Amino acid sequence: MKEKSKKMTALVTAGIMGLSVLTGCGASSGTGNTAETENREEQSAAGDAAAGGETTLTIWDWDSAFTKHMSEYYAQTHPGVKFEFVNVSTADYFQKLQGALSSGEGVPDIILCEMAYRGKVFDLGILDDLTKEPYGLDPAGMYDFAVDLGSDRTGTLLGLEQQVCPSGLAYRRDLAKEYFGTDDPEELEAMFSNWDAFIAGGKEVLKKSGGRVYMLPGLASCAFYILRNQDPFPYITETEIDITGRYQNDITTLAQMMEAGIIMPGDSETTIADGFVNKSFLFYPCAPWVEKWYIAANDPEGSGNWGLMAAPGGGYTYGGTSVGIYKDSPNKEAAWDYIRSVYCDGDGIREAYAKFGFMSGFRAAYGEDSIYLEPSEYDAFFGGQELGRKYKEIMEAGLKGQVQTTSEANVLTAIGVALAAYDSDPSMTPEEVLQQLIKEVRASCPDVTVK
Amino acid sequence: MKKKITGKQIWPYLFCAPFVFCFLMFTLYPTAYSLEVSFHDWNGFGDKVFVGAGNYLRIFTRDKLYWKAFLNTAVLMLLSTPTTVFLGLLLSYVLYRLRTAKRFFQTAAFYPYVITPVAIGFIFSYLFDWKTGLMNRLLQTAGLLEEPFNYLQSPAAIRLIIVVMIVWRYLGYYTMLFLAAMTSVSPEIYDAARVDGASSPQTFWKITVPMLRRTIVFLTITSVIGGLKMFEEPMLLFSGWSNAQAGATGGPGNAALTVMWKFYNDAYRLDSRLGYAAAESYVLFLLAMTAALILHRLTRERQI
Amino acid sequence: MKKERRSFRPLSPVKYAVLILLTVLMAAPVYVVAMMGTYKSERLFLGIPWLPGNYLAENVRTTLSHGFLRSVMNSAVVSIGAVLLTVFCASLCGYALARYEFRGKRLITMLLIVLLVIPTEISVVGYVREMRSLHLTGSYLSLILIWGANPFCAYFIHSFTVDAFPSEIMESARIDGCSDPGIFARLAFPMMRPGITTIVILIFLWSWNSYMLPLIIVNTDRRYTIPLFVSTLSSAFTRDYGAIMCALAMSILPMLLLFTIFSGSFMESISAGALKG
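What follows is the structure, given as structure tokens:
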């Protein structure tokens, strides 16, 4: 009897322990939350006190050279603001952000949205509307395409372009001279004013080089990227995605290029790096950021041998990153002041342009005496060409932006898949490519009609 | 039984307490929480919206990609497990009769097993890269291939590569287990076989394989359960060396997308549908249990 | 008569050659990666690097400057923590299940068996959330605690104790006046040492190689473990392919070294573990 009761006691003890573990856990999630909000309040109190004291802004960025330089530049005039950088690559950004959000810790004040995942972040509903208080931004001061690119599906402005990407084609001057007899951007633009001329020229190059030199690398990452962004328009609604209407023409043009054989096969970073080393292609899509990240990085000895021209068929935006503010950030004012200064209309934009070639999406910067007519960092690399002037020209000729949503991000992924198949099997017809794309979009968006 | 119960019965409970505590805290609670989440639509930080069996219904009725991923996983398992078992048996049979350097070959074959799977995916992503990979360069240098072959764009080749990857990783491990089991078989049986005039292949099929039945069954079951969780090798195959297009979703035709990979994509990488992903992991769990049960049934007679 | 003698002759040189070829094939991928790690990036695309290049020091420097040592440290801390926790929980529990009769024993044993077939991945979503509530997200503890209730280890120790620690010893120790914890610590634990070694090695290997949980739960590169370090190589070392290969080779090095040093007990453990499990 005694034994038994002891046994029971032990069992009950164990049971209670187990229970307390469970309830302890449930309770701790509650208390955890309160502790967290308290924490936040403390932080924001500290932020308010920062009028005379100190604020720390957390930014996640992959371009540490840029953020480091610009924040130091900003801190010269704003000694009370400190920065904490976390280096997060574009490939990991969405996942890390999502992790921080669900763990509730370490969410950055300033959130960067690269094109590949921008729509998904916009759809998470974690960014503040920049037209509302305390920001009060007037979109009328921005270029329309920049407003489109920074807005979510409801038209709420959630992000500013860290740099707009009015893009043209970078080209190798030595190869251009060899095959076209000139390396002058204006002459080349006249020569290749449309894609038909470009394709015809490409065939020549292919013939003369014995099949060794292509016009462009990267079927999806370069060629199709340019085509689909030259004339974007809305094609996604809540219930329907109109792939055919949006992409059929672009695929047809792409197929003409494929047929002519002017696109280098193998769309991957290493194949393209290999192509840079072996001079396998003449042109590369070029936005301001591409100068540093692709051209100079892959062809370090090529200084002076590159040029920039407008693409056949007009301007487009290549890549691009928007900057937004976390809606629960305790440092909204400080974050906004930094963003204004560096990306909108503060003195920071001159510095960002001179050092990195970054250009703002605000009209104010593009007047008669625009700062973009001044020299920038990579002009010398491009044979002394005034890059800013060229980009400004492309921009003023008109650009359009695609509104970014989760579905858009899914479609972009699907384009990658479908074109990868096309890349390795060029015998596919444009119709087959289109059907493949529709199939891929259907797989990733099973809840809407895809046509 | 009664005899063993003494007054000191508090100790077994105390001894079990740390384990049980960890189990309740870090296994049962999160597993139950995941189950609860699987009935909600939830992005990890916003409000949870109860959707009943909606997530499960979507998996079973609309999400073709999930079943594609499951099929991929199953095909990879069906191709790799028998291959590794057979090659492992063969290699261990050869090694068993080796007089010198047995240990050396055994150790060498085992090295891949201690390499981080992520690194294995990475290494293979380089070996089979289209333009820069070792395989194509070798074949081209040897004149066996005119144009480089784009392995990572051919669903068949992708599957084959993953199978090679798995075989490469596990061959040494299987071999070692078979060797250990063979060593426990009494040498007299082999002597008897010799007296009966059995040839080498005969000994292999008639004696070695049946004697290792238990080990084979065990390895098959564990590799089926482990195979269902396959994730990092195929993923790194597409994002390691070269960020190939379509690398995020299992390559062309999603040929390499496994269930855990899709789970990770839906929950964290490409989307943040935790509720849906939790449901996906529960469905996988049910499928894994079914597979384990079937295998158990099939092999039951001779098992202890 | 001739036949059977042939079948038991030592292997012919041809078979040795085949085995050596197989070994070379098994080793080739790692060898090539290591060799590529000694070249400058741009030179990688010019041919097949069979022999070492002259850029190793530079690539090693790049690798070190990207937090390689920190990742090794993180992995070591996590793996050692996981080993200590698992050994503590599993050895006590396995021992109790093997050597005591108590109410709830059947329940716990059943639990172990069920747990053996449940993939831990199923709890990931809840575990991540739980770590958030405990303010442990991304900490070492969050990567260690998941190993606490490892069913395999407890089950393994259970069956190992049955074989290695006869209950007679326990009874006589009791008669000598030993306390229960004393019996465990001074008698049982030392006798279980081979079994403990096995789970030490297995948990070390498994936790070192674990990828999905760190991938989801670790948000800062300060806490990157080796698998995370490897998986982010291509984005962290922007287009520096030589350094990527070098870092890859260096990342697999610690485990290869450990394995080489302990290869004997390593292989015994794993076969013991697998056969028991």
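Protein chains in written order, with this note's numbering: chain H, 65 to 515; chain X, 698 to 1001; chain S, 22 to 298. Ideal Cβ positions, reconstructed from N, Cα and C, are used throughout, including at glycine. Just so it is clear, the structure is predicted and the values come from calculations on it, not from any experiment.
Same chain, Cβ closer than 8 Å to K160 of chain H, neighbours up to 5 away in sequence not counted:
For K160 of chain H, where only same-chain residues beyond five positions count, the Cβ hits under 8 Å are W124, V152.
Which chain X residues sit within Cβ distance under 8 Å of P510 of chain H?
Going along chain X in sequence order, the residues near P510 of chain H (Cβ under 8 Å) are R755, R759, D760, K761, L762.
Rounded to whole angstroms, what is the Cα-Cα separation between I502 of chain H and L213 of chain H?
Approximately 24 Å, taken between the alpha carbons.
How big is the Cα-Cα spacing for G88 of chain H and M722 of chain X?
For G88 of chain H, the pLDDT reaches just 34, beneath the cut-off of 50, and the residue's location in the model is therefore unreliable, although a value from the coordinates is still provided. Separation of G88 of chain H and M722 of chain X (C-alpha to C-alpha, rounded to the nearest whole angstrom) is 10 Å.
With a CB to CB cut of under 6 Å and the five nearest residues on each side skipped, what residues in its chain are close to D511 of chain H?
Around D511 of chain H: no qualifying Cβ.
Within-8 Å CB hit, V354 of chain H to chain S
Not one beta carbon of chain S lies nearer than 8 Å to the beta carbon of V354 of chain H.
Is there at least one Cβ from chain S nearer than 8 Å to E397 of chain H's Cβ?
Interface flag for E397 of chain H against chain S is unset, since no Cβ pair is found closer than 8 Å.
In chain X, what lies closer than 9 Å to A517 of chain H by C-beta?
It is not possible to answer for residue 517 of chain H, since the shown part of chain H is limited to 65 through 515.
Under 8 Å, CB to CB, which of the residues in the stretch 811-840 of chain X have a partner in chain S?
The residues in question are V811, I812, T813, P814, V815, A816, F819, I820, F821, Y823, L824, T829, L831, R834, L835, T838.
Using three-state DSSP, classify W708 of chain X as helix, strand or coil.
DSSP places W708 of chain X within a helical segment (H, G or I) once states are collapsed to three.
Less than 8 Å between the CB atoms is what I'm expecting for R64 of chain S and G74 of chain S, so what's the real figure, rounded?
Yes, they are in contact, since the Cβ atoms of R64 of chain S and G74 of chain S sit about 7 Å apart, within 8 Å.
Comparing C-alpha positions only, which one of H:V514, H:F297, H:K396, H:I327 sits nearest to N313 of chain H?
That would be H:F297, whose Cα lies nearest to the Cα of N313 of chain H.
Can you list the alpha helix (DSSP H) stretches of 4 or more residues lying completely in the stretch 268-298 of chain H, in chain order?
Runs of the alpha helix (DSSP H) inside the stretch 268-298 of chain H: 289-294.
Taking the alpha-carbon positions, what's the A261 of chain H to M321 of chain H distance?
Cα to Cα, A261 of chain H sits roughly 11 Å from M321 of chain H.
Against chain S, does G937 of chain X count as a neighbour if the rule is that its beta carbon must be under 8 Å from one of theirs?
True, the Cβ-Cβ gap to chain S drops below 8 Å.
Beta carbon of V211 of chain H nearer than 8 Å to that of L221 of chain H
Taking 8 Å as the cut-off, the beta carbon of V211 of chain H is found closer than this to the beta carbon of L221 of chain H.
Is the separation between the beta-carbon of S731 of chain X and that of I143 of chain S shorter than 8 Å?
Yes; because the gap between Cβ atoms is below 8 Å, this pair is in contact.
According to DSSP, is C199 of chain S part of a helix, a strand, or is it coil?
Coil at C199 of chain S, not helix or strand.
Three-state secondary structure assigned by DSSP to V99 of chain S
Looking at V99 of chain S - three-state DSSP - the assignment turns out to be helix.
Give me the Cβ distance between T130 of chain S and L118 of chain S, rounded to the nearest whole Å; I'm assuming they're in contact under 8 Å.
About 6 Å; that satisfies the 8 Å criterion.
Do N395 of chain H and T119 of chain H have their beta-carbon atoms positioned less than 8 Å apart in this structure?
Their beta carbons are under 8 Å apart, which means T119 of chain H touches N395 of chain H by this criterion.
Quick check on the DSSP output: what are the complete beta strand (DSSP E) runs of length 3 or more inside the stretch 879-929 of chain X, in order along the chain?
If only complete runs of 3 or more residues are kept, the stretch 879-929 of chain X shows no beta strand (DSSP E) anywhere.
Same chain only: Cβ atoms within 8 Å of L842 of chain X, ignoring 5 sequence neighbours per side
The residues are N833, L836.
Anyone know if the C-beta pair for S272 of chain S and T813 of chain X falls short of 8 Å?
Yes.
Strand pairing of N151 of chain H, partner residues [DSSP]:
DSSP output for N151 of chain H lists H:D125 as bridge partner(s).
Under three-state DSSP, which class holds A428 of chain H?
Of the three classes helix, strand and coil, the one that applies to A428 of chain H here is helix, per DSSP.
P34 of chain S by DSSP, collapsed to three states: which one?
Note: P34 of chain S maps to helix in three-state DSSP.
Give the C-beta separation of Q803 of chain X and L876 of chain X to the nearest angstrom, bearing in mind that I take them to be a contact with Cβ-Cβ under 8 Å.
Approximately 7 Å separates the beta-carbon atoms of Q803 of chain X and L876 of chain X; this is inside 8 Å, confirming the contact.
List, in chain order, every chain X residue whose beta-carbon is nearer than 9 Å to that of F280 of chain S.
Result: T804, F807, Y808, Y810, V811.
Alpha carbon to alpha carbon, what distance is there between L967 of chain X and G421 of chain H?
Computed Cα separation, rounded: 31 Å.
Verify the CB distance criterion: does R153 of chain S have a CB-CB separation below 8 Å to chain H?
At least one chain H Cβ lies under 8 Å of R153 of chain S.
Interface residues of chain S around Y922 of chain X at Cβ under 8 Å?
Strictly speaking, residue 922 of chain X in this sequence is Ile, with Tyr absent from that position. Those within 8 Å of I922 of chain X in chain S are V138, P140.
Within 8 Å of any Cβ in chain X, is that where the Cβ of L166 of chain S sits?
At a cut-off of 8 Å, the C-beta of L166 of chain S has a neighbouring C-beta in chain X.
Along chain S, which residues have their Cβ under 8 Å away from the Cβ of E929 of chain X?
The answer, in chain order, is Y232, M233, P248, S252.
Taking one C-beta from the stretch 710-725 of chain X and one from the stretch 956-972 of chain X each time, how about it: are there three or more such pairs within less than 8 Å?
Touching, no, given that fewer than three Cβ pairs across the two stretches are closer than 8 Å.
Taking the alpha-carbon positions, what's the V864 of chain X to L784 of chain X distance?
Distance from the CA of V864 of chain X to the CA of L784 of chain X, rounded to the nearest whole angstrom, comes to 9 Å.
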